[in-house]
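Residue numbers (my numbering), protein chains in the order written: chain A, 15 to 451; chain B, 15 to 451. We put the beta carbon where it would ideally sit given N, CA and C, even for glycine. The structure displayed is predicted, hence computed values, not measured ones. Structure, as structure tokens:
Protein chains: 2
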Amino acid sequence: MTDYRRLRVALLGAGAVGSQVASLLRQHADELADRAGARLELVGIAVRDVDAKRDADLPRELFTTDADSLIVGSDIVIELMGGIEPARAYLLQAINSGADVVTANKALLATHGPEIFDAADQVGAEVYYEAAAAGAIPIIRPLRDSLAGDRVQRIMGIVNGTTNYILDRMDTEGAEFDDVLADAQRLGYAEADPTADVEGYDAAQKAAILASLAFHTTVPLDAVHREGITSIDKSMMDAARHAGYVIKLLAVCERLNEASGESISVRVYPALIDRAHPLASVHGANNAVFVQAEAAGNLMFYGAGAGGVQTASAVLGDVVSAARRHIAGGVGVGESTLANLPIVPVGRVTTSYQITLEVDDQPGVLATVAGILSEGRVSIATVEQTVVESADGESGVARLVIGTHKALEQDLSDTVERLAASGVVERVVSVLRVEGN
Amino acid sequence: MTDYRRLRVALLGAGAVGSQVASLLRQHADELADRAGARLELVGIAVRDVDAKRDADLPRELFTTDADSLIVGSDIVIELMGGIEPARAYLLQAINSGADVVTANKALLATHGPEIFDAADQVGAEVYYEAAAAGAIPIIRPLRDSLAGDRVQRIMGIVNGTTNYILDRMDTEGAEFDDVLADAQRLGYAEADPTADVEGYDAAQKAAILASLAFHTTVPLDAVHREGITSIDKSMMDAARHAGYVIKLLAVCERLNEASGESISVRVYPALIDRAHPLASVHGANNAVFVQAEAAGNLMFYGAGAGGVQTASAVLGDVVSAARRHIAGGVGVGESTLANLPIVPVGRVTTSYQITLEVDDQPGVLATVAGILSEGRVSIATVEQTVVESADGESGVARLVIGTHKALEQDLSDTVERLAASGVVERVVSVLRVEGN
């Protein structure tokens with residue numbers, strides 16, 4: 015056995031991911047030492063209750079409630095507590111005491127990222143966070159390093175496993191949202207309070223992290239436009255399928271070339287995607303990040319987005335990187351926000367749309383609708399009109415499914431308002447953006 | 015404009031990739047400087063003929079035939095000449111004169127990788143080669159860094175765009191190999207001499223590079239089992255489709271747990287893949303690398319496998335990494351071959367198979383065939399027997415499509431030989447491995 019230098023590794027948190035990280039650090043100690051060029055000695059695990067039941071079999075003497083003492087003198091601190099405080103305070107303490115830090119805390123990075131990266135820059139420490147963006151999928155290094163000589167134009171990510179699981183089952187089984195959600199909760203794919211997932215908050219945090227990195231711009235969480243999937247029902251799924259689409263909750267990070275200069279848009283919403291698009295075949299709770307770069311073209315990174323052991327893989331990769339840097343010395347280039355592009359509201363974004371309306375089945379209605387769209391600078395690409403059946407066979411109502419060319423979001427929403435108030439439109443059934451075309 | 019330190023960048027070769035790299039280095043100079051933390055000054059381009067026509071508009075004074083003088087005093091040397099010599103000599107010269115090197119030369123790395131990595135280790139230089147493994151797809155950093163704390167179990171890669179283009183068109187259009195190849199040559203997807211692609215030599219080089227990295231083991235090119243796609247015809251494609259499979263040329267790098275200890279297998283061959291597998295939806299000239307890791311589970315990396323500008327993206331990512339290292343100082347951990355696992359011949363590999371036979375349509379033939387398989391330790395999973403139609407309607411020949419459970423390759427090939435010599439088998443139509451199940 016090679017006689018390696020020892021590095022002291024402190025772990026904060028022993029939940030699903032933390033337990034796996036601790037187990038793997040001990041189980042693969044020799045192999046990790048060879049890879050890192052240093053022995054990674056787990057010196058302690060800070061928890062709230064040392065006697066709580068754990069997922070993994072770990073020696074009791076590793077556990078402590080005294081995180082402060084554990085952090086002092088550690089070379090690498092792994093933060094897997096989640097939440098904002100005290101995670102933020104501990105990370106800053108670790109950075110200021112000379113440690114490199116590894117975190118999977120997307121909520122913290124999406125809200126306090128600049129503060130943490132600045133603190134690390136000040137003292138020449140590194141912050142590793144591969145597990146915070148898309149679980150086990152390696153996306154941080156590709157964006158930061160592999161594409162460092164390229165220009166990212168757009169990222170479309172399926173970055174939340176729970177919502178993809180729900181939408182996928184609604185699509186493949188024709189099930190209703192509430193039924194699948196209940197099932198997902200029973201199976202452990204969704205939490206008792208599913209708000210963070212189904213309302214898109216989790217995806218928005220990841221979108222902020224990915225956009226910051228891809229566009230070298232500080233993206234505050236509240237600059238991310240966010241819509242969840244609770245309004246998606248079976249009839250919308252059926253209509254999407256009929257038109258050759260599938261509905262996915264997408265995190266879209268886009269570089270815009272506006273007349274006033276370059277800017278970016280970051281948004282999370284359910285959107286239609288062509289079934290032939292690589293993102294359409296991301297099933298179950300899997301995640302995928304589709305990247306369009308100026309030179310590299312289209313790339314996709316696919317894998318498990320969550321799960322204790324999967325996320326532990328990403329954390330350990332970061333720990334090995336941190337150890338290699340400790341051995342090699344030298345400080346990397348910090349998180350760059352040199353570009354600092356303006357972030358535009360969703361109203362200034364251009365996409366195509368599918369608008370489904372119920373209208374009076376009378377002569378001239380289509381002309382009226384087409385006129386309102388045209389006045390609103392929304393150009394029609396396709397129209398499909400069908401008669402809505404009623405019990406007595408004479409509903410007097412027709413259904414219009416209108417596919418638009420690319421239009422400005424603001425124009426589109428103004429136009430939909432005008433349609434709703436026009437007198438010929440009975441009901442706006444759905445308005446969905448179409449991405450990836 | 016920030017006043018950055020200047021790094022001298024020398025480029026060897028100005029073909030499709032080299033011209034793009036030179037253009038992008040100049041075009042995005044300011045942005046690259048911000049990303050790298052240093053100005054990347056292209057000091058010269060070594061070529062055989064300074065007056066040859068180039069793909070990009072580059073100042074004539076950059077070109078030189080004197081590679082030796084160009085290399086001396088350069089901080090970063092980019093080798094895009096291809097071939098073994100003089101590329102090998104120039105790379106070693108660059109390393110020994112203190113430069114970090116970037117190369118896209120898979121033939122060179124697959125044959126002289128250890129020599130080049132050793133030379134770099136000796137002097138503390140780095141060798142970057144993201145573009146050598148799967149074109150623009152970032153796969154080196156994920157394998158080397160992101161998965162450094164995990165254990166790769168298996169890689170299945172579609173790593174040759176030409177053969178994927180041919181097989182995909184055969185599959186989707188029902189076309190014959192020769193016709194699609196001729197078309198691919200006309201369209202520039204295949205070279206006039208297509209041997210390197212269609213016989214699997216290019217894929218084998220990439221397999222050797224990927225396996226070396228994933229398993230920390232020196233994998234010489236001649237340890238890679240290699241079969242091409244020239245024997246794949248329309249009838250095999252049709253049969254695969256009928257059975258729910260598609261045929262892909264796969265580079266398989268696998269960790270084996272044999273009784274005698276761990277070992278690896280590296281092989282390139284056309285194989286059947288279930289249509290629901292993510293690799294099955296890789297169309298056209300695209301590439302994808304599917305990675306199964308112990309903790310991370312299944313990951314897939316997808317993108318353009320070749321092309322001048324796409325490959326240039328990967329090269330520039332490496333140049334930025336090299337520059338960051340120059341600024342930061344410190345030496346990374348070298349290419350690790352610490353594991354040095356034994357590489358086993360393909361005969362010791364276990365996979366499942368689809369065997370298609372034409373047999374006499376007589377009582378007892380299936381029993382005889384089943385008996386030979388059983389004696390050969392090949393267990394049958396599925397059998398489909400159909401009568402082969404002939405002009406007069408009575409061919410007396412039946413077609414047997416046998417799906418096997420996992421069997422040892424050596425057992426399988428011995429068994430197929432015995433079947434061929436058994437007297438009841440008229441013809442062994444095809445034997446294809448099934449991967450990804």
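Query	Result
Are the beta-carbon atoms of B:ALA145 and B:HIS340 separated by less than 8 Å?	no
Could you give the uninterrupted runs of the alpha helix (DSSP H) lying entirely in the region 236-283 of chain A, keeping only those of 4 residues or more?	248-256
Are the C-beta atoms of B:MET170 and some chain E residue less than 8 Å apart?	The question asks about chain E, but that chain is absent: this structure's protein chains are A and B.
Starting from A:ILE90 and walking both ways along the alpha helix (DSSP H), at which residues does that stretch end?	Taken as a continuous stretch (DSSP letters only), A:ILE90 belongs to no alpha helix (DSSP H), being part of the beta strand (DSSP E) at 90-93.
Pull the bridge partners of B:SER409 from the DSSP assignment, please.	Note: B:SER409 sits in no beta bridge, so no partner.
Whole angstroms is fine: what's the gap from A:VAL379's alpha carbon to A:LEU414's?	10 Å
Which whole-angstrom value describes the C-beta separation of A:ALA150 and A:GLY317, a residue pair presumed to lie in contact below a C-beta threshold of 8 Å?	5 Å
By the three-class DSSP mapping on this structure, what secondary structure does B:THR429 have?	helix
Using a Cβ-Cβ cutoff of less than 8 Å, which residues in the same chain neighbour A:GLU190 once the five nearest sequence positions on both sides are dropped?	MET184, ASP247 and LYS248
Could you tell me whether the Cβ of A:TYR179 comes closer than 8 Å to any Cβ of chain B?	no
Write down every uninterrupted run of the beta strand (DSSP E) in the region 276-323 of chain B whose length is 3 residues or greater and which is fully enclosed by it, in chain order.	300-307 and 311-318
Determine the chain A residues that contact B:ASN451 at a beta-carbon separation under 9 Å, and present them in chain order.	Simply none; closest approach about 17 Å.
Distance check for B:THR176 and B:ALA70, CA to CA, integer angstroms please.	24 Å
Give the residues of chain B in contact with A:GLY311, contact being defined as C-beta atoms less than 9 Å apart.	ALA150, GLY317, ALA318, GLY321, VAL323, GLN324 and SER327
Can you grab the Cα-Cα spacing for the pair A:VAL345 / A:ILE98, in whole Å?	Interpretation of A:VAL345 is limited by its pLDDT of 49, a score under 50 that renders its predicted location unreliable; no figure is taken from the coordinates.
Assess, as a yes-or-no matter, whether the region 431-446 of chain A is touched by the region 383-390 of chain A under the definition of 3 or more beta carbon pairs within less than 8 Å.	yes
Can you say whether B:VAL347 is buried or exposed, counting buried as having 16 or more other CB atoms within 10 angstroms of its CB?	Because B:VAL347 sits at a pLDDT of 48, beneath the cut-off of 50, its placement in the model cannot be relied upon, and the following sentence gives the value as read from the coordinates. With 16 or more other Cβ atoms within 10 Å, it is buried.
Can you grab the Cα-Cα spacing for the pair A:ILE243 / B:VAL296, in whole Å?	29 Å
What separation, rounded to the nearest whole angstrom, lies between the Cα atoms of B:GLU75 and B:ALA24?	13 Å
If contacts are defined as beta-carbon pairs under 8 Å, then A:VAL86 and A:SER111 qualify, I think. What distance do you get, rounded to the angstrom?	6 Å
Excluding the 5 residues preceding and the 5 following A:VAL401 in the sequence, name in chain order all residues of the same chain whose CB lies nearer than 8 Å to its CB.	ASP375, SER409, VAL411, ALA412 and ARG413
Across the region 118-126 of chain A and the region 273-293 of chain B, are there enough close Cβ pairs to call them in contact, namely three or more that are closer than 8 Å?	no
What would DSSP say about B:GLN376, mapped onto helix, strand or coil?	coil
Sort A:LEU161, A:ASN119, A:ARG441 and A:ASP80 by Cα distance to B:VAL329 and report the nearest one.	A:LEU161
What's the C-alpha gap between A:ALA118 and B:GLU268?	30 Å
Measure the C-alpha to C-alpha separation of A:LYS220 and B:ASP197 and round it to an integer number of angstroms.	44 Å
Taking Cβ-Cβ distances shorter than 9 Å, what residues in chain B pair up with A:ALA421?	Residues of chain B passing the Cβ test: none, with the nearest at roughly 30 Å.
Taking the alpha-carbon positions, what's the A:LEU270 to A:GLU213 distance?	26 Å
Between A:ASP164 and chain B, is the shortest Cβ-Cβ distance under 8 Å, so that the two count as touching?	yes
Going along the chain, which residues of the region 46-76 of chain A sit with their C-beta nearer than 7 Å to a C-beta in chain B?	LEU46, ASP48, ARG49 and GLY51
Go to A:ALA217, then tell me how far its alpha helix (DSSP H) extends in each direction, as first and last residue.	215-229
Jot down the residue ranges of each uninterrupted beta strand (DSSP E) in the region 68-107 of chain A, minimum 3 residues, whole runs only, in chain order.	90-93
Pull up the CB-CB distance for A:ALA307 and A:GLN167, whole angstroms please, since I reckon it's below 8 Å.	6 Å
Quick one: which chain A residues come within Cβ less than 7 Å of B:LEU330?	GLY163 and ASP164
So, A:GLU55 versus A:LEU105, is the Cβ gap smaller than 8 Å?	no
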